[in-house]
Structures are given as C-alpha cells and as structure tokens.
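J.:
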Amino acid sequence: MQSSRGVTQLEKNTERLWAALRPFANWVIFVFLRYIRRPAREGGVLYKILLHLDEGHLRVPGQRKEVRPLQETEPRQALLDQLLPLVGGEANVASTTRRGSRISMTLKDESLADPAALAALPFAATVSLRNGRLRLELTEQAYETRKKENLLMASKYDGLARIIIQNVGGKSNIVSLTHCMTRLRFKLQDESKANTDVLKETDGIVTVIQSGGQYMVVIGQQVADVYDAVCTVGHITPGGAVDDDGNATGSAEAPKEKQNLFNAFVGIVTTVFAPCLGVLAATGIVKGFISLFVAIGVLSNTSGTYNILYSLGDSFFYFMPMLLAYTASKKFGLPELEGMTIGAALLYPYLSTTSGMDISNLFGIPVVMPASGNYTSSVLPIVCAIAFAAWFEKKYKKFIPDSCKLFFVPLITCGVTFILTLWIIGPITSLLGDGLGIALNAIANFNGILLGAVVGGLWQILVMFGLHWATVPLMLNDLATKGYSNALTGMFGCTFAQCGAVLAIYLKTKNSKTKSLCIPALISGIAGVTEPAIYGLTLPKKKPFIITCIVGAITGAALMAFNVTGYTSAGTGIFGYTAYINTVTNDISGMIASIVISLIAVVLAFVMVYVTYSDEPAKAKK
597 MQSSRGVTQL
607 EKNTERLWAA
617 LRPFANWVIF
627 VFLRYIRRPA
637 REGGVLYKIL
647 LHLDEGHLRV
657 PGQRKEVRPL
667 QETEPRQALL
677 DQLLPLVGGE
687 ANVASTTRRG
697 SRISMTLKDE
707 SLADPAALAA
717 LPFAATVSLR
727 NGRLRLELTE
737 QAYETRKKEN
747 LLMASKYDGL
757 ARIIIQNVGG
767 KSNIVSLTHC
777 MTRLRFKLQD
787 ESKANTDVLK
797 ETDGIVTVIQ
807 SGGQYMVVIG
817 QQVADVYDAV
827 CTVGHITPGG
837 AVDDDGNATG
847 SAEAPKEKQN
857 LFNAFVGIVT
867 TVFAPCLGVL
877 AATGIVKGFI
887 SLFVAIGVLS
897 NTSGTYNILY
907 SLGDSFFYFM
917 PMLLAYTASK
927 KFGLPELEGM
937 TIGAALLYPY
947 LSTTSGMDIS
957 NLFGIPVVMP
967 ASGNYTSSVL
977 PIVCAIAFAA
987 WFEKKYKKFI
997 PDSCKLFFVP
1007 LITCGVTFIL
1017 TLWIIGPITS
1027 LLGDGLGIAL
1037 NAIANFNGIL
1047 LGAVVGGLWQ
1057 ILVMFGLHWA
1067 TVPLMLNDLA
1077 TKGYSNALTG
1087 MFGCTFAQCG
1097 AVLAIYLKTK
1107 NSKTKSLCIP
1117 ALISGIAGVT
1127 EPAIYGLTLP
1137 KKKPFIITCI
1147 VGAITGAALM
1157 AFNVTGYTSA
1167 GTGIFGYTAY
1177 INTVTNDISG
1187 MIASIVISLI
1197 AVVLAFVMVY
1207 VTYSDEPAKA
1217 KK
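The numbering used here numbers the first residue of the sequence shown as 597 and each following residue consecutively.
#1: With a CB to CB cut of under 6 Å and the five nearest residues on each side skipped, what residues in its chain are close to Lys1109?
#2: What did DSSP end up calling Val1205 once you bin it into helix, strand or coil?
#3: If distances are taken between C-alpha atoms only, which option among Leu780, Asp799 and Thr1174 comes closest to Ile805?
#4: When DSSP labels each residue in this structure, what does Thr1151 get in the three-state scheme?
#5: Are the CB atoms of Val1005 and Ile1015 nearer to each other than 8 Å?
#6: Alpha carbon to alpha carbon, how far is Ile1193 from Thr1151?
#7: I'd like the list of long-range same chain contacts for Ile1019, defined as Cβ closer than 8 Å, with 5 residues on each side in sequence excluded.
#8: Could you tell me whether the Cβ atoms of Ser1112 and Leu1155 are closer together than 8 Å?
#9: Report the rounded CA-to-CA distance for Ile1021 versus Thr798, giving the unit in angstroms.
#10: Based on DSSP bridge pairs, tell me the residues matched to Phe1003.
#11: Verify whether the separation of the beta carbon atoms of Thr1091 and Gly1121 is less than 8 Å.
#12: What does DSSP give as the partner residues of Val723 in its beta bridges?
#13: By how many angstroms is the C-alpha of Lys993 removed from the C-alpha of Tyr1206?
#14: Which term fits Leu933, buried or exposed, when burial requires 16 or more other beta carbons within 10 angstroms of its beta carbon?
#15: Please say whether Ile1039 and Leu1047 have beta carbons closer to each other than 8 Å?
#16: If you run the structure through DSSP and keep just helix, strand and coil, what is Ser956?
#17: Would you mind working out which of Tyr753, Ile760 and Gly765 sits nearest Gln818, comparing C-alpha positions?
#18: CB Ile1101 to CB Pro1140, shorter than 8 Å?
#19: Which value, in whole angstroms, describes the spacing of the CA atoms of Ala615 and Lys608?
#20: Counting C-beta neighbours from all protein chains within 10 Å, is the total for Pro851 16 or more, i.e. buried, or is it exposed?
#21: Run through the DSSP bridge pairs and tell me what Leu784 is partnered with.
#22: Quick one: is the Cβ of Gln785 within less than 7 Å of any heavy atom of the ligand PLP?
#23: I'd like to know whether the C-beta atoms of Ala1049 and Ala1153 end up nearer to each other than 8 Å.
#24: Could you check whether Gly900 and Ile886 sit closer than 8 Å to each other, using their CB atoms as the reference points?
#25: Between which two residues does the alpha helix (DSSP H) carrying Ile801 extend?
#26: Can you give me the C-alpha to C-alpha distance between Asn1159 and Leu1054, rounded to a whole angstrom?
#27: For Ser691, which of helix, strand or coil comes out of DSSP?
#28: Would you kindly check if the distance between the Cβ of Ala825 and the Cβ of Leu756 is under 8 Å?
#29: Spatial neighbours of Arg758 within its chain, please: C-beta separation below 7 Å, excluding the five flanking residues on both sides.
#30: Report the residue from Leu930, Ala983, Pro931 and Met965 whose alpha carbon sits nearest the alpha carbon of Tyr946.
#31: Rounded C-beta distance between Leu732 and Leu714? I'm assuming under 8 Å.
#32: By Cβ distance below 6 Å, which residues in the same chain neighbour Asn1082 in space, the five residues on each side in sequence not counted?
#33: If I follow the unbroken alpha helix (DSSP H) through Met936, where does it start and stop?
#34: State the DSSP-derived secondary structure class of Thr702, mapped to helix, strand or coil.
#35: Taking DSSP's pairing of strands, which residues face Asp1183 in a bridge?
#36: Assuming Val875 and Ala924 form a contact by the criterion Cβ under 8 Å, report the distance between their Cβ atoms to the nearest whole angstrom.
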C-alpha cells in the first residue's frame, strides 16, 4: 500500500514539477533551436539531432533565405506583375506552373530573362535558369512584409516600363526618349536590337511604329504615366538621353542619329505638331461650321455672333507661331517661355505692314516682311528660329556667370534670335516665296495644265512651309485686273484627296488611337482645314501623304484641262465650290466640274491609300 501510495505520490510530484518547469523548458528549447542550431555543421551529430527535432522547418543547407510554402491566397497577379517584366514579358512565356513555393516557367528566349534582377526581388529565395527553364523559390515572410510596406509596386506601370526598356534593347540602346499624345518616342542606337514582336503582344501596348528615325511605342491615353514609369525605372532624364551605361546625360549630349533629310523633316514636323493635333482639329471644325452657316444663310459674316465665333476658330491659326514656339522649344531643348516670347514678338501688332508703323529697318538694316505682310499663321520662320535659339544658347550659356544667368541668358537668346529672324530667316522665307511666284507665272505662260499639276502636287508642301502666300498675290492680281483667275485652281483637289486618305486610314487601321484622330481630321478636311490630317495622319505615315500629293497633281491638271476658273475669293473645302460660278453670266459649269473632280480626288486617294496602307512600315531588308 505504502509502495503503491509512494509511486502514486512520486508521479504526482513529477507532474507538478514538470508543470512548473514546462514554460522554462519551452523557452530553452526555443532558444536552442533558434540560435544554437544555426552554426551546426552539416552532417554533424548536432545537425542530425536538430534535423530530427525540427524536420520540415530546417533551412536547406547553403540557402540564405528561409523557404516556406506560399499560401494559395497569395495574390497571383501582384506576383506576376513583378516577374513578367524580368522574363521578357508575357509573350516570352510558353508555360507556367506553381507548386508550393516554387514557380517554374518555360521561356521562348531565355536571353530576354534577367536572373540577377529576379534574384534581387524581395520575395525570391533562389533562382535558376537552364535550357529555357526558369525555377524560382519564393519566401512568404519577405513577400508579405514588402507587400504591407507597399514597396513592391511603386507604380502600376513599373512592370510595363521594365518590359519596354528590356525589349527596346536595354537602357544602353536608348539615345533619347520623349512622348506625344499617345506614343513613347524612342531614338535608338540600333533598332535591330529591339524585340518589336514581343512589344506588340504585350498587354498595355497598342502597337509599335518605326518611322522618321523614331521607334514609337503606342500606349494610348496613359502614355504620360507610362513615360514617367519608364524614366523612373530606367533612370532616364525626362526628355533627355542616356549613355552606354544607362546613365542620364541630357539631350544636348545625345549621339546624333544618321537619317536622310526627309526623315529628319518628318521627325521634326510630327514632334512639333503632335501636341497640337487635338486643338488644331477642334478649331478647324469651328471654322468649318462657321463657313457652313454663312453659306446657307444662317449667319451673316458681319454679325456679332460670326465675329465672336470666328475669333475662336481662327485663334490657333492666327497665333500659330507662338503656340508652335512652345512645342518646338521642347523639341530642341530651349526653355519654353523663351521660345514663346520670340513667337509673341513675331506676332506683335506693330510688326505688320498694315499697322501704320515704320518697320522698314532695324538699326538701319532693311527688314523684309513675308508676302502676307506679317508672321501670323506662319510655320517655318518660328521653327527655324527656335532651332537656332536652342543651338545658340547651348553654345554661349556656359560662358555666362551663374550669378547673371537668370536674366542675361533670356535677354541674349531672345534678343539675338528675334533680330536674326527679321534679318535672315524672314527674308529667306520671303525670297523663296518671291521665287516661287516667278516660277508659277512662267509655268502658267507655258502651259496651264502643267501649272495645275504643279500647284496641285506641291500645294500641301507649300502650306507647311508657309510659301503658299506667294501664290495668293497672283490670284488677287488676276481678280483685280481680269475679274477671274485660275492661278490657284489646281490646289482645289488637295483638300479632298486628304479626306479620301483619312477615310481609308480610318477603315484600314486597327489602332484605336489612330481611329480617334481620323474623325475630327475628316470633318476639318471637308471644311477645307487639312492641317490635322496632314500633321496627325498622312505625313507621319509618309506614303499616304505622297499619295495625296500625286492625286492633287492629277486633279489639278484635270481642273485646268476643263478650264475651271475662279471668279471670287471663296472659302475652302466644300465651301469653295461657289468660287467657280461666273457671277456675270451665272454659268455654273465650272462649279459642277469642280464638284465632280473633287469626288474623283476622294475616290482615287481612298483606293490608293486603302490598298497600300499598313499600321507599321515594312521591315527593312537585312
């Protein structure tokens, strides 16, 4: 009994002792497992004991991070957003599997993957890449911590930015980067290094266009956000350039890309006009509707409503030099306010031959104004002036003391550029215009049909350079002396050729952003305002623009062949038909001929552009 009672009492005492010591024992075991096991050598007695006690939780020998299976509740998309840009994008992934903490991917091209960047991810434990097979072990603790700190995705476009940078050939292949309304505009050292097909298949990218010496990635309305992400991820100075190591150098030191004169011209024109396209189309539509209301008798061209609305419709065209000065300044690297000051000076009311002010000379040197008498609505003078100002400022600015740069640099740049524009750039433009007028007179005296073909074929180019003003005096002189004129008859078909080309692009393109530009450009073109169509659609694509010039030449020759003659200075587009009514005899045959030929221009341009158009140019033969 005693023995039995003794045993029983001993058991009770043991249980009481263990209950008292259990918290301390648990603490000792915890400390032992956490801090003593770590230096245990692989294969030793201590290692084997710990392996037995802590089976399934011990670190894999040689591994730096603790690997624990990720829960299935882990957001899959957030993980993929980080991984896909570093493996060449979704288009480069043939298959993906996930088992516990391991993700396996089969890659189409393993050279597009960046194992070092993958290993640097906060949730990556180990990374291996062999024979196109990528294996990634994940750590739950690190990933959860980073996710809570909101450090995984600084921007929702960071992943897309990494894909873009990697597939344009890397940071070292980027010469400069800008953006317009819908596109990232890269200048690359070697476009052959870019993975165009991968980019086209990437979500968030509409398409890729190579034109005018630029590699353009079409994004859409989110282009500004993507642009910021690309600059941040790639450590690229906004609007600037990077060197061979991917470090920002600034646009002034960017390597010069070799390209022909036409591509250079197209690149400048599209870059300068791209930010203006929306407003340009809007104001063109306003002018078109005003002309329509006057033509049908709804409005009088002397009424207050007409004058007020016309000021809105014509504002962009009238102040075009100042507005283009802003975009050209961004293109050439000149402070925008300096460029706008130069543009505003060219538009100052005194600077016009009709102002009544003496502007015949500057410091005794004669000033030759354009044929129009002022610089309103001009393009070429301000673009050339800003290009010179940007070059000039970069040359002398480094010699100006820092304490004086605030006011001395704008003073010198604006003053010198404005004066040289009046002395050199403006007169050269006027000289080109005068020479053009003489040449057209000579062609008219030789053969009228040839004149129509020349005027029709070159009219759009003349408008872009502002040289069309040289032809206006020919028409006005004929109307004043003869009562009629066919000097400008040949240009009438150009407007409708642009309309046909835009309609073909609208029906043929798969680019939603290009489609969105077509509708307002078409409406403006019908009203006779073709700048949105030229600068936004046909000229950047080159081939449609060339086709419209060819159609313009054909219809111009046809108009002259049918002796279509202008009797008044009417509107443009469909509002120009009335100019060909003989107001003396009331003969409308000229108007009928102009209507028929304009419809032919639409059809010809539509068919030719529809057959030849593609969203991206054909790949160059290697």
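Idealized CB from N, CA, C, for every residue including glycine. Computed from a prediction, not measured in an experiment: that's the story for all the values here.
T.: Let's see:
#1: Taking the first residue of the sequence shown as position 1, residue 1109 is located at position 513. Hits under 6 Å: Thr778 and Gly816.
#2: Reading the sequence shown from its first residue, position 609 is the one you call residue 1205. Helix.
#3: By one-based count along the sequence shown, residue 805 stands at place 209. For Ile805, the nearest C-alpha among the options comes from Leu780.
#4: Counting from 1 along the sequence shown, the entry for residue 1151 is found at position 555. Residue state, collapsed to three classes: helix.
#5: By 1-based counting over the sequence shown, the position of residue 1005 is 409. By 1-based counting over the sequence shown, the position of residue 1015 is 419. No, the Cβ-Cβ distance between Val1005 and Ile1015 is not below 8 Å.
#6: As a position in the sequence shown, residue 1193 is number 597, starting the count at 1. As a position in the sequence shown, residue 1151 is number 555, starting the count at 1. Approximately 6 Å, taken between the alpha carbons.
#7: Here residue 1019 refers to the residue found at position 423 of the sequence shown. According to the sequence provided, residue 1019 is Trp. The question's Ile does not apply to it. Within the same chain, Trp1019 has close Cβ partners Leu958, Ile961 and Val963.
#8: One-based indexing of the sequence shown puts residue 1112 at position 516. One-based indexing of the sequence shown puts residue 1155 at position 559. Not a contact, by the Cβ cut-off of 8 Å.
#9: Counted from its first residue, the sequence shown places residue 1021 at position 425. Counted from its first residue, the sequence shown places residue 798 at position 202. Going by the C-alpha atoms only, they are around 46 Å apart.
#10: Residue 1003 sits at position 407 when you count from the first residue of the sequence shown. DSSP lists no partner for Phe1003.
#11: For the purposes of this step, residue 1091 is taken as residue 495 along the sequence shown, with counting starting at 1. For the purposes of this step, residue 1121 is taken as residue 525 along the sequence shown, with counting starting at 1. Yes. Within cutoff.
#12: Reading the sequence shown from its first residue, position 127 is the one you call residue 723. Answer is Leu732.
#13: Position 610 of the sequence shown holds residue 1206. Position 397 of the sequence shown holds residue 993. The alpha-carbon atoms of Tyr1206 and Lys993 are separated by roughly 50 Å.
#14: The residue you call residue 933 lines up with position 337 of the sequence shown. Exposed.
#15: Position 451 of the sequence shown, counted from the start, is the residue given in the question as residue 1047. Position 443 of the sequence shown, counted from the start, is the residue given in the question as residue 1039. For Leu1047 and Ile1039, yes; Cβs fall inside 8 Å.
#16: On the sequence shown, residue 956 is found 360 positions in, with the first residue counted as 1. In the structure shown, Ser956 sits in coil (DSSP, three-state: anything other than H, G, I, E or B).
#17: The residue labelled residue 818 in the question sits at position 222 within the sequence shown. Ranking Tyr753, Ile760 and Gly765 by Cα distance to Gln818 puts Tyr753 first.
#18: By one-based count along the sequence shown, residue 1101 stands at place 505. By one-based count along the sequence shown, residue 1140 stands at place 544. Contact flag set, yes.
#19: Taking the sequence shown and counting its residues from 1, one reaches residue 615 at position 19. Taking the sequence shown and counting its residues from 1, one reaches residue 608 at position 12. Rounded to the nearest angstrom, the two C-alpha atoms are 11 Å apart.
#20: On the sequence shown, residue 851 is found 255 positions in, with the first residue counted as 1. Because the pLDDT of Pro851 is 42, which lies under 50, any placement of that residue in the model is unreliable, and the number read from its coordinates should be weighed accordingly. That one is exposed.
#21: Counting from 1 along the sequence shown, the entry for residue 784 is found at position 188. For Leu784, which the question treats as bridged, DSSP gives the partners Ile770.
#22: Among the components modelled here there is no ligand, and therefore nothing to report on the ligand PLP.
#23: As a first step, residue 1049 is located in the sequence shown; it is residue number 453 there, counting from the start. As a first step, residue 1153 is located in the sequence shown; it is residue number 557 there, counting from the start. Yes, Cβ-Cβ distance for Ala1049 and Ala1153 is below 8 Å.
#24: Position 290 of the sequence shown holds residue 886. Position 304 of the sequence shown holds residue 900. No; because the gap between Cβ atoms is not below 8 Å, this pair is not in contact.
#25: Translated into the one-based positions of the sequence shown, residue 801 becomes position 205. Premise fails: Ile801 is in no alpha helix (DSSP H) and is neither H nor E.
#26: Sequence index remark: in the sequence shown, residue 1159 carries index 563 (1-based). Sequence index remark: in the sequence shown, residue 1054 carries index 458 (1-based). Separation of Asn1159 and Leu1054 (C-alpha to C-alpha, rounded to the nearest whole angstrom) is 20 Å.
#27: Your numbering for residue 691 matches position 95 in the sequence shown. It is a strand residue.
#28: Stepping through the sequence shown from its first residue, residue 756 is reached at position 160. Stepping through the sequence shown from its first residue, residue 825 is reached at position 229. Contact flag set, yes.
#29: Indexing the sequence shown from 1 puts residue 758 at position 162. The residues are Pro681, Leu682 and Val829.
#30: Locating residue 946 in the sequence shown gives position 350, where the first residue counts as 1. Here the closest residue by C-alpha is Met965.
#31: Along the sequence shown, read from residue 1 onward, the residue named residue 732 stands at position 136. Along the sequence shown, read from residue 1 onward, the residue named residue 714 stands at position 118. Correct: roughly 6 Å between the Cβ atoms.
#32: To locate residue 1082, count along the sequence shown from 1; it is residue 486. Around Asn1082: Thr1161.
#33: Looking up residue 936 in the sequence shown gives position 340. First-last of the alpha helix (DSSP H) with Met936: Glu932 to Leu942.
#34: To locate residue 702, count along the sequence shown from 1; it is residue 106. Thr702 falls in the strand class under three-state DSSP.
#35: On the sequence shown, position 587 is the one that residue 1183 refers to. Asp1183 is bridged to Asn1178.
#36: Residue mapping note: residue 875 aligns to position 279 of the sequence shown, counting from 1. Residue mapping note: residue 924 aligns to position 328 of the sequence shown, counting from 1. No, Val875 and Ala924 are not in contact; Cβ-Cβ is about 16 Å, not under 8 Å.
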